[in-house]
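Letter by letter, the sequence shown follows residues 6 to 741 in my numbering. First comes the structure, then the notes that go with it.
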Amino acid sequence: MVASAVWWPKTDKEQKKSVAVIIGTRIEFFRDIGPLLELYKTPQVTYGPFDSLLNDKERFSSVYQMATKDNVLVLGVVWLLQHFDWTWVGFFASEGIRGRKFMLELKTLMLKKSICLVFTIMLSSSWIRNENRFIRTKDCQDTSKINVTILYGDAEIFIGIHIWTRTCVLSGMMWVIATGSYVDWYKMKNIIDLFHGSLSFSPKKREVPGFEDFVKTLNPSKYPEDFYIIQLWLDMFNCSFAGSLCGNLKDCPPNSSLEFMPGNMDLLTMTESSYIIYNAVYAVAQALHEMLLAKTETELTSDANQPTFLSWQLHPFLRRLQLINSIGDHVSLDDKRNIPKKYDILNILPVTAAAHDFLAKVGEFVFSGQNQNLDIHEEIINWPVELEEPPQSVCTQSCGPGFKKVANETDICCFKCVFCPKLEISQQKDVQECTKCSDQEYSNQERTRCLPKLVTYLSFEDSLGMALACTALCFSVLTAGVLCVFVKHQDTPIVKANNRTLSYILLISLLLCFLCSFLFIGRPHLVTCILQQITFGLVFTVALSTVLAKTMVVLLAFKSMKPGRTMRWLLASGASNYVIPSCTLVQVVICGMWLGLSPPFIDVDTRSEPRHLLIVCDKGSVSAFYCVLGYLGSLALVSFSLSYLVRNLPDTFNEAKFLTFSMLVFCSVWVTFLPVYHGAQGKLMVALEIFSILASSAGLLVCIFAPKCYIILMRPEKNSLNHLRSKIHNRRNPHS
6 MVASAVWWPK TDKEQKKSVA VIIGTRIEFF RDIGPLLELY KTPQVTYGPF
56 DSLLNDKERF SSVYQMATKD NVLVLGVVWL LQHFDWTWVG FFASEGIRGR
106 KFMLELKTLM LKKSICLVFT IMLSSSWIRN ENRFIRTKDC QDTSKINVTI
156 LYGDAEIFIG IHIWTRTCVL SGMMWVIATG SYVDWYKMKN IIDLFHGSLS
206 FSPKKREVPG FEDFVKTLNP SKYPEDFYII QLWLDMFNCS FAGSLCGNLK
256 DCPPNSSLEF MPGNMDLLTM TESSYIIYNA VYAVAQALHE MLLAKTETEL
306 TSDANQPTFL SWQLHPFLRR LQLINSIGDH VSLDDKRNIP KKYDILNILP
356 VTAAAHDFLA KVGEFVFSGQ NQNLDIHEEI INWPVELEEP PQSVCTQSCG
406 PGFKKVANET DICCFKCVFC PKLEISQQKD VQECTKCSDQ EYSNQERTRC
456 LPKLVTYLSF EDSLGMALAC TALCFSVLTA GVLCVFVKHQ DTPIVKANNR
506 TLSYILLISL LLCFLCSFLF IGRPHLVTCI LQQITFGLVF TVALSTVLAK
556 TMVVLLAFKS MKPGRTMRWL LASGASNYVI PSCTLVQVVI CGMWLGLSPP
606 FIDVDTRSEP RHLLIVCDKG SVSAFYCVLG YLGSLALVSF SLSYLVRNLP
656 DTFNEAKFLT FSMLVFCSVW VTFLPVYHGA QGKLMVALEI FSILASSAGL
706 LVCIFAPKCY IILMRPEKNS LNHLRSKIHN RRNPHS
């Protein structure tokens, strides 16, 4: 049916007058006949695909389109692509204004949704009909790289696709068919296998009550004036005309009915296009009914020479049309003059099925103002033969768990998969950002799970902790041994030289320095955290102040031999005995302020070791810690300076030289410690502090006491009064 007029019956003396025309949307019709209908303001209700040209109110003010606008179809297609994550697709369309307009709208919306159109191919009618048609190799290659392609156009486009796929040898393609109009798949059953498994958008329809019974009882004798029914019987049942009357047929099969059609053709189901025609007729009938009621209520009379109704009088009733048709669907004409926007999503089944089973509804798309809804049932979709699940159509394959997508700067649809950084995971595909684990967790090697961190600290069981503990123990035993040697030989000249008491104090303080290393090993507690730094600072202060006192003793001893009472008075008054308590008191004040303002405390380090929660002693005030180190450094520097000044004095046992060298070792250790400690973290920071304590203490022990122990144990003849007198005599009389 191209066009059908709706007539208003008149009296016997009057001719029938058309009040509306129900037509398709072939532009040729509106170009040739449309101006005449517009001249008389005759309402024209179209049932074909929506055409934006007919929406021009200035040119086609009397046209009402029942079909859905293609921009709603564009929304449905993009929603479907998003649902299946198809972001790398192609596009075929019929050449023409409608095809290009649809393509532009589709491109615009896809760009907003980060979906890329890889190629667009427009097939013209002349190309399809031309036997010498040509397809470029590049176009074939482009189409073969895509798994999902959108198809838009009229029935002729399917023939073009058949030609294209046969030439380019395409198989397993997933087609998204968006024709926006009725497609007679029965007529294309020879090529339907090409579209097996594809999804097609079709204007939503429902079965009209009574339609099936009407078709079953339909025959030429019942409607002899309908030539289309007669032609159908001639074509389908091989009937022939009986005589000169077109309405009489012969040679028809007995009980011929449209219920049983050759080739399993199904005419009992109303097609999408027929449903739109049904709504168009229903809408015009309802408008006529409302116009009749309005005429009756106002009791208007008409001139005898004028028809009761004029066609232009129907327009207001069509514009404000709001009705529920016989199957309960809402039918209306909005400002754009189209009905509510609903599409069924149909799955194309294999050709082996019966004709009426070519299509299976698997979902629907509904648009209403600002709201859209896509409802699709994936479990009942029959996918193409080569596929058992929804195909993937992306520029880059999915990034699995443990990876994140990093967009390509040149193409929004292409990306690369980047492994999640440490302490971050991703448990789903195609995530934009990895999820960071909590501070108490770390990521596994696959970056797919967060695992709880293990609690750790520098323990005695660790190889590093065990090595440091053994070293500290060995030096402690060695220091205790040296102390025993000195006590045993306390009356010998070498022990008495340079203040025996200071040597005992220095050895005891060095022993405590070695033992305080054990406070840094093991699980930290609040008490040990406080004792670590306080003990370290105080015992080292005692050790360094003792070295300073010994240096002062050497200096005062030789200076007192020169004329002057000051040096003799200082030596006689025992001024060196006040060095240790005075220096220690300053350090006590510093430590007291440290404890009072910001004492050390237990802390959990979550960053130093990715898989562990490291329990450490936080120093509380870093400034106070560096003040303690700075004070120790100043004592060491003063001791080094004084010992350096007296290094060449004629000391019997070279005490001044050994003190100088011991301070040089001490300063070297702690000057090296500071920058390395600042860059260390975790267990290494604790181990580094222990090592510095052991190294500096060992330097003092070895440099000061090793030569004396060597003489006491290995060269006892030098540790006698006779040897001492002989050495003093030789120094005083070098030429004798």
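Even for Gly, the Cβ is constructed at its ideal location relative to N, Cα and C.
Closest residue to residue i among the options (Cα-Cα distance)
{"i": "L323", "options": "Q397, V676, G53 and V68", "result": "V68"}
{"i": "N387", "options": "Q377, F372, Q402 and G368", "result": "G368"}
{"i": "L41", "options": "M598, L58 and S66", "result": "S66"}
{"i": "I513", "options": "V482, G684 and D496", "result": "V482"}
{"i": "V707", "options": "E660, G687, Q686 and M690", "result": "E660"}
{"i": "I168", "options": "V153, N137, I151 and Y157", "result": "N137"}
{"i": "C173", "options": "C672, F139 and P680", "result": "F139"}
{"i": "T551", "options": "V559, L507 and Q592", "result": "L507"}
{"i": "T589", "options": "Q375, W599 and F545", "result": "F545"}
{"i": "S646", "options": "C622, T556 and W238", "result": "T556"}
{"i": "F97", "options": "G53, D61 and G158", "result": "G158"}
{"i": "D608", "options": "A629, H530 and K117", "result": "H530"}
{"i": "G104", "options": "K194, R616, R325 and E161", "result": "E161"}
Pair within 8 Å by beta-carbon distance, residue i and residue j
{"i": "P389", "j": "G202", "result": "yes"}
{"i": "S316", "j": "T51", "result": "no"}
{"i": "A365", "j": "L379", "result": "no"}
{"i": "L699", "j": "F480", "result": "yes"}
{"i": "L637", "j": "L536", "result": "no"}
{"i": "C439", "j": "C422", "result": "no"}
{"i": "F424", "j": "G81", "result": "no"}
{"i": "A477", "j": "F541", "result": "no"}
{"i": "P457", "j": "E466", "result": "no"}
{"i": "I595", "j": "V460", "result": "no"}
{"i": "L272", "j": "P225", "result": "no"}
{"i": "A290", "j": "V336", "result": "no"}
{"i": "F678", "j": "L693", "result": "yes"}
{"i": "N352", "j": "L239", "result": "no"}
{"i": "G635", "j": "P604", "result": "no"}
Three-state class that DSSP yields for residue i in the structure shown
{"i": "C708", "result": "helix"}
{"i": "E694", "result": "helix"}
{"i": "D496", "result": "coil"}
{"i": "C518", "result": "helix"}
{"i": "M115", "result": "helix"}
{"i": "C121", "result": "strand"}
{"i": "V68", "result": "strand"}
{"i": "S673", "result": "helix"}
{"i": "V24", "result": "strand"}
{"i": "I38", "result": "coil"}
{"i": "M127", "result": "strand"}
{"i": "T556", "result": "helix"}
{"i": "S431", "result": "coil"}
{"i": "E282", "result": "For clarity, residue 282 is Ile in the given sequence; the question names Glu instead. Looking at I282 - three-state DSSP - the assignment turns out to be helix."}
{"i": "S667", "result": "helix"}
{"i": "S245", "result": "strand"}
{"i": "L272", "result": "coil"}
{"i": "L315", "result": "coil"}
{"i": "L254", "result": "strand"}
{"i": "I182", "result": "strand"}
{"i": "I139", "result": "Going by the sequence as given, residue 139 is Phe instead of Ile. Reduced to three states, the DSSP call for F139 is coil."}
{"i": "K106", "result": "helix"}
{"i": "S702", "result": "helix"}
{"i": "S226", "result": "coil"}
First through last residue of the beta strand (DSSP E) which encompasses residue i
{"i": "P208", "result": "L204 to P208"}
{"i": "C422", "result": "F420 to F424"}
{"i": "G407", "result": "That residue, G407, is in no beta strand (DSSP E); it is neither H nor E in DSSP."}
{"i": "L156", "result": "V153 to Y157"}
{"i": "M178", "result": "Looking at the DSSP string, M178 is not in any beta strand (DSSP E), and its letter there is neither H nor E."}
{"i": "T51", "result": "Q49 to T51"}
Delimiting residues of the alpha helix (DSSP H) encompassing residue i
{"i": "W93", "result": "Premise fails: W93 lies in the beta strand (DSSP E), W93 to S99, not in any alpha helix (DSSP H)."}
{"i": "L80", "result": "D75 to H88"}
{"i": "F163", "result": "E161 to C173"}
{"i": "K221", "result": "F216 to K221"}
{"i": "T142", "result": "T142 to S149"}
8 Å Cβ cutoff, residue i in contact with chain C
{"i": "P229", "result": "Here chain C cannot be found, since the structure has a single protein chain."}
* Asked: In the segment 438-465, which residue ranges form an unbroken alpha helix (DSSP H) of at least 4 residues, counting only runs that do not cross its ends?
  -> Runs of the alpha helix (DSSP H) inside the segment 438-465: none found.
* Ranges of the beta strand (DSSP E) found wholly within the segment 321-403, counting only runs of at least 3 -> Residue ranges of uninterrupted beta strand (DSSP E) with 3 or more members, entirely inside the segment 321-403 and ordered along the chain, are 327-329, 335-337, 346-353, 364-373 and 376-381.
* alpha helix (DSSP H) runs wholly inside the segment 585-661, at least 4 long, in chain order -> Counting only runs of 4 or more, we get 627-650.
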